[in-house]
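J.:
Below you can see the structure in the form of structure tokens.
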């Protein structure tokens, strides 16, 4: 298990050439930005949530991304149905337990999803991963009060219990599985001030998992690409408005040399 | 039936001066960008979907745009109710059958809407138009696998059967009615990598149909303006993030000379 | 009651340092832009609407913003539940009666909310404030046909009857309470052509009310900051697309000297 610039680049080329369909059942806040981020990478996004079409959509998708950012019971039912079909078809499911820890409803929904969905990857901030992993946590809304390292133990245990790849986002991203821990040190503080950057990271995990069946590597590749595009964008941005625009441009224009020059991943 | 720069410009001036209210029942992904595109053109957008207020909204609107991008049963009921009122009032309905062909639910919903809504204009990509017109189609999500010319026969038959103006979007846009076929060769490949550009085109069809009761011309005018604004924006854009921003700026700043210089429309 | 640059700046510093959690139950169109505007100011946004988690979210929030832009019955129930909890906890509620006057459903919902929610601040355009205050009004969608001054009498009466701070937005913003009327002359016409600017203003009222318990001042501070950021952004914008981006940058980069130099507030 080794993250290399050529390995990341190879995944990107595959995504750009095959345009894998990524099915997102995500929150209202980030649907537009998530779709644009997936398109900028080269993937094909679809957003759909009606129970009536969950099976049909999953049947043509290469990955499923479940994000509970603005959850409600109707949507949870569709998420469960889509995940069951994805498991049946063997396509990867990425779970983003947005706001787990902030309310009982989110925490319980996230824990139930971890148990029943058998996701390939769970990605969240420290509070969310701790809550999904049944660790008592204090949180304030959808922002984490804890550093990502604080959730490392919870991530390890969650991964050991379920076999899932767990990705804890923060100033350092930890990507955890039975094979070990990868640390991604890319990224920029300005990313935390643009809504939906975490959700975009989960969507990218879906796109990489669609083309790379080593989900630990796929998640690490996604987080590295997020961080690098964020660094390139931040250097050009006057504030968080232009940051959102420049991030999509950076992702769209990414070349292998950017990755070679900027990647900071440690085992 | 002839598309001229002065004809397009006359519609734009009317829109800018009268700010027609365009009622959109559209998908979650594009609500913000659709509203901004309509505002940039000079129209007044309203997004509303509650059954309780469908009649009241349609009663003050000059056009209704129905888009099934993230459909569900509750919303379909409101769409049907709004379209019935629009028919009653004689205001134009534009139907965008997003993802028809991708799932049975969407295909059947789109076909039912074509039958019962009596839209003035149907706009979609090749797959969507074929699916709406009951032609067997293979699709991948919301992107068309077929070129727009492949759907020309289906568009002709659909228009002949229903009397609706059918617009097939693609590298070339075909606008079809009993009066013939108009081909719009404006546009830029970068537009396909920004989410919601098709939805924006449908919304513009609504705005032009609000001020020009020749719906074949109205749709052709809308598609030409989309394409020209896309070309102007692409020339200034570093990627798909800035493309989305520049497209709205280009639409907002459009002058008659842009249209005269850039329009590529053939009978 | 006096608006000063140092008073505004003091609130901004408090927001940036304490990042108050602002709970938004708002419309689909503006969720992304509202979240980004709150983040740019320094606040922490959360969007959530499920009845199951309303109490838990309100319990960790410092302000609640209710916006009926794309209302439906399910959401109204959650809004009522959240407002009741907010009243119980004593955190400020800001009500944005989007489109009141345009449909009976919105008008009646807005009037019922004014009665039962006991908001700290109501912010809307002239038509919306008149409709919320039971004045007969002609409206076209979500834009006001009336100037803000036309609603001043209705705002005064509404405030006198309910004790709420009423803010009427327009070319001049009037912030009305039993203590008098503040007139904010900041802002730029380009702001009216970007969707969600009014909704952003209401969200900023929530952020300022979270840190300043003089709600009349809080609302005036919010409207002044909106207007100043809008003026700075407009001076740099080629159209309404870049306006949306530059507005967020301007808010993010705001310094005290901008406020001192640009503020135009009269008693």
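Protein chains in written order, with this note's numbering: chain Z, 117 to 383; chain E, 117 to 383; chain D, 117 to 383.
Glycine included, C-beta positions come from ideal geometry on N, C-alpha and C.
Treat the numbers as computed from the prediction; the structure is a model and nothing was measured.
1. Ignore the nearest five residues each way along the sequence and tell me which others in residue 227/E's own chain have a CB closer than 7 Å to its CB.
2. Does any residue of chain E bring its CB to less than 8 Å from the CB of residue 360/D?
3. Pull up the CB-CB distance for residue 139/D and residue 166/D, whole angstroms please, since I reckon it's below 8 Å.
4. When you compare the region 288-296 of chain D with the region 173-183 of chain D, are there three or more beta-carbon pairs, one atom per stretch, that lie closer than 8 Å?
5. Mind pulling the beta strand (DSSP E) runs of 3 or more residues that sit fully within the region 118-142 of chain Z?
6. For residue 168/Z, go through chain E and note every residue whose CB falls closer than 7 Å to its CB, in chain order.
7. When you compare only the Cα positions, how much space is there between residue 300/E and residue 274/Z?
8. Could you tell me which residues DSSP puts in a beta bridge with residue 64/D?
9. Looking at the C-beta of residue 163/E, does it have a partner C-beta in chain D at a distance below 8 Å?
10. Hey, residue 318/E and residue 143/E are a contact pair by Cβ (cut 8 Å); roughly how many whole angstroms apart?
11. Under 9 Å Cβ-Cβ, which residues of chain Z neighbour residue 369/D?
12. Compare the Cα-Cα distances from residue 312/Z to each of 258/Z, 280/Z, 281/Z, 272/Z and report the closest residue.
13. Please state whether DSSP places residue 379/D in a helix, a strand or coil.
14. Using a threshold of 8 Å, state whether the C-beta atoms of residue 196/Z and residue 232/Z are closer than that.
15. Determine the direct distance from the alpha carbon of residue 161/E to that of residue 223/D, and round the result to whole angstroms.
16. Would the beta-carbon of residue 285/Z fall within 8 Å of that of residue 239/Z?
17. What are the uninterrupted segments assigned as beta strand (DSSP E) that are 3 or more residues long and contained completely in the region 292-367 of chain E, given in chain order?
18. Does DSSP put residue 226/Z in a helix, in a strand, or in coil?
19. Going along chain E in order, which residues have a C-beta closer than 8 Å to the C-beta of residue 183/Z?
20. Would you call the region 318-327 of chain D and the region 205-212 of chain D touching, i.e. three or more CB-CB distances under 8 Å?
21. May I ask you to verify whether the region 376-383 of chain E touches the region 269-283 of chain D, counting CB pairs closer than 8 Å and requiring at least 3?
22. In this structure, does DSSP put residue 209/D in helix, strand or coil?
23. Name the residues in the region 131-146 of chain E whose C-beta lies less than 7 Å from a C-beta of chain Z; which are they?
24. In or out: residue 305/D buried (at least 16 other Cβ within 10 Å) or exposed?
25. Is residue 357/Z near residue 365/D, with beta carbons less than 8 Å apart?
26. Can you check which of these residues, 350/Z, 354/Z, 362/Z, is closest to residue 354/E by C-alpha distance?
27. Could you check which residue in 234/E, 253/E, 192/E has the C-alpha nearest to that of residue 225/E?
28. Pick out whichever of 119/E, 128/E, 118/E, 117/E has its Cα sitting closest to the Cα of residue 372/E.
29. For residue 375/Z, I'd like the list of residues in its chain whose CB is within less than 7 Å of its CB, leaving aside the five on either flank, ordered along the chain.
30. My output table needs one value for residue 192/D: the three-state DSSP class, helix, strand or coil.
31. Which chain Z residues sit within Cβ distance under 8 Å of residue 309/E?
32. Between which two residues does the beta strand (DSSP E) harbouring residue 162/D extend?
33. Just to check, is the beta-carbon of residue 275/Z closer than 7 Å to a non-hydrogen atom of the ligand HEM?
34. Provide the residue span of the alpha helix (DSSP H) that contains residue 274/D, from first to last.
35. Put residue 259/D into one of helix, strand or coil per three-state DSSP.
T.: Let me lay it out:
1. What you label residue 227/E is simply residue 111 of the second chain in a count that begins at 1. Excluding positions up to five away in sequence, the list reads 248, 250.
2. Indexing the third chain from 1 puts residue 360/D at position 244. It does: the Cβ of residue 360/D has a partner Cβ on chain E nearer than 8 Å.
3. Walking along the third chain from the start, residue 139/D turns up at place 23. Walking along the third chain from the start, residue 166/D turns up at place 50. The pair is not a contact, with the Cβ atoms about 12 Å apart (cut-off 8 Å).
4. Contact between the region 288-296 of chain D and the region 173-183 of chain D is absent, with fewer than three C-beta pairs closer than 8 Å.
5. Entirely contained in the region 118-142 of chain Z, the beta strand (DSSP E) runs reaching 3 residues are, in chain order, 137-141.
6. Start at 1 with the first residue of the first chain, and residue 168/Z comes out as number 52. For residue 168/Z, the neighbours in chain E by C-beta distance under 7 Å run, in chain order, 221.
7. Counting from 1 along the second chain, the entry for residue 300/E is found at position 184. Counting from 1 along the first chain, the entry for residue 274/Z is found at position 158. Residue 300/E and residue 274/Z: Cα-Cα distance of roughly 55 Å.
8. Examination of residue 64/D is not possible in this model, given that chain D is present from 117 through 383 alone.
9. What you label residue 163/E is simply residue 47 of the second chain in a count that begins at 1. With 8 Å as the cut-off, residue 163/E counts as an interface residue toward chain D.
10. Taking the first residue of the second chain as position 1, residue 318/E is located at position 202. Taking the first residue of the second chain as position 1, residue 143/E is located at position 27. The Cβ separation is near 11 Å, so there is no contact.
11. Taking the third chain and counting its residues from 1, one reaches residue 369/D at position 253. Under the 9 Å cutoff, chain Z gives 354, 355.
12. By 1-based counting over the first chain, the position of residue 312/Z is 196. Looking at the Cα atoms, 258/Z is the closest of the given residues.
13. One-based indexing of the third chain puts residue 379/D at position 263. Coil, per DSSP.
14. In the first chain, residue 196/Z corresponds to position 80, counting from 1. In the first chain, residue 232/Z corresponds to position 116, counting from 1. Yes, they are a contact pair.
15. Counting from one through the third chain, the residue named residue 223/D turns up at place 107. Counting from one through the second chain, the residue named residue 161/E turns up at place 45. Rounded to whole angstroms, residue 223/D to residue 161/E spans 19 Å at the Cα level.
16. On the first chain, residue 285/Z is found 169 positions in, with the first residue counted as 1. On the first chain, residue 239/Z is found 123 positions in, with the first residue counted as 1. Yes, these two residues count as a Cβ contact at 8 Å.
17. Counting only runs of 3 or more, we get 296-300.
18. As a first step, residue 226/Z is located in the first chain; it is residue number 110 there, counting from the start. Under the three-state reduction of DSSP output, residue 226/Z falls in the helix class.
19. Taking the first chain and counting its residues from 1, the one referred to as residue 183/Z is at position 67. Taking a Cβ-Cβ threshold of 8 Å, none of the residues of chain E is close to residue 183/Z; the smallest such distance is about 13 Å.
20. The region 318-327 of chain D vs the region 205-212 of chain D: in contact.
21. Segments in contact, no.
22. Against the third chain, residue 209/D aligns to sequence position 93. Of the three classes helix, strand and coil, the one that applies to residue 209/D here is strand, per DSSP.
23. Those residues of the region 131-146 of chain E that come within reach of chain Z (Cβ to Cβ, closer than 7 Å) are 144, 145, 146.
24. Start at 1 with the first residue of the third chain, and residue 305/D comes out as number 189. Under this definition residue 305/D is an exposed residue.
25. Here residue 357/Z refers to the residue found at position 241 of the first chain. Here residue 365/D refers to the residue found at position 249 of the third chain. The Cβ atoms of residue 357/Z and residue 365/D sit closer than 8 Å to each other.
26. Taking the second chain and counting its residues from 1, the one referred to as residue 354/E is at position 238. Nearest neighbour of residue 354/E by Cα position, chosen from 350/Z, 354/Z, 362/Z, turns out to be 362/Z.
27. Taking the second chain and counting its residues from 1, the one referred to as residue 225/E is at position 109. Residue 225/E has its Cα closest to that of 192/E, out of 234/E, 253/E, 192/E.
28. Translated into the one-based positions of the second chain, residue 372/E becomes position 256. Looking at the Cα atoms, 128/E is the closest of the given residues.
29. Mapped onto the first chain, residue 375/Z falls at position 259. Closer than 7 Å at the Cβ level, and outside the excluded window around residue 375/Z, lie 121, 124, 125, 344.
30. As a working note, residue 192/D is residue 76 in the third chain. Residue state, collapsed to three classes: helix.
31. For the purposes of this step, residue 309/E is identified with residue 193 of the second chain, where counting begins at 1. Those are 155, 156, 368, listed as they occur along chain Z.
32. To locate residue 162/D, count along the third chain from 1; it is residue 46. Where residue 162/D is concerned, the enclosing beta strand (DSSP E) stretches over 160-163.
33. Because no ligand of any kind appears in the structure shown, any question about the ligand HEM cannot be addressed here.
34. Reading the third chain from its first residue, position 158 is the one you call residue 274/D. Per DSSP, residue 274/D belongs to the alpha helix (DSSP H) from 268-278.
35. Within the third chain, residue 259/D is the residue found at index 143, counting from 1. Strand, per DSSP.
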